[in-house]
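Below is one structure; the comments refer to it alone.
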Amino acid sequence: MDKNSNWSEISKDINNAKDKIKDKINSEVNHEDLRESLNGTLNEIKNLFNDIIKTVEETIKDDEIRKETKDVIKKINTELIDTLNINKSRNSEQNYQEEE
């Protein structure tokens, strides 16, 4: 009976380890997907702001208004990208701490 109990415990331990490994792999995949998605979003935002600046350059004839508009758009773009990068860094730090 003792041997059966030991094998049962070993089987439970193996199943627990297997489940932990599966959870860890799934967690890492989800984190990587989120990172890739965020990077893609950042690139799309950069492209959108570049398109907006190009449109401003092509449509606004007044030099002063065009320059001021472009400056405002660039500031908004920079602020948004910086904010997303800060959040991205925080998430990476949290993920690293969770892994420890």
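Residue numbers (the working numbering): 883 to 982.
Ideal placement from N, C-alpha and C gives every residue a C-beta, glycine not left out.
Given the structure is predicted, the values throughout are model-derived calculations rather than measurements.
Whole angstroms is fine: what's the gap from residue i's alpha carbon to residue j's?
| i | j | result |
| --- | --- | --- |
| residue 934 | residue 898 | 54 Å |
| residue 950 | residue 938 | 10 Å |
| residue 926 | residue 917 | 14 Å |
| residue 944 | residue 965 | 32 Å |
| residue 883 | residue 889 | With a pLDDT of only 48 at residue 883, under 50, the local geometry of the prediction cannot be trusted, and no value is derived from it. |
| residue 929 | residue 963 | 12 Å |
| residue 828 | residue 946 | In the structure as shown, the chain starts at 883 and stops at 982, and residue 828 therefore has no counterpart that could be examined. |
| residue 887 | residue 902 | 23 Å |
| residue 923 | residue 904 | 28 Å |
| residue 955 | residue 913 | 31 Å |
Got a sec? Which residues, its chain only, sit under 6 Å from residue i by beta carbon, not counting five neighbours each side?
| i | result |
| --- | --- |
| residue 959 | 931 |
| residue 952 | 935 and 938 |
Output needed for residue i: all residues of its chain with C-beta closer than 8 Å, excluding positions within five of it in sequence on either side, in chain order.
| i | result |
| --- | --- |
| residue 948 | 938, 939 and 942 |
| residue 896 | none |
By alpha-carbon positions, which one of the options ends up nearest to residue i?
| i | options | result |
| --- | --- | --- |
| residue 967 | 921, 956, 955 and 957 | 921 |
Ranges of the alpha helix (DSSP H) found wholly within the region 891 to 941, counting only runs of at least 4: none
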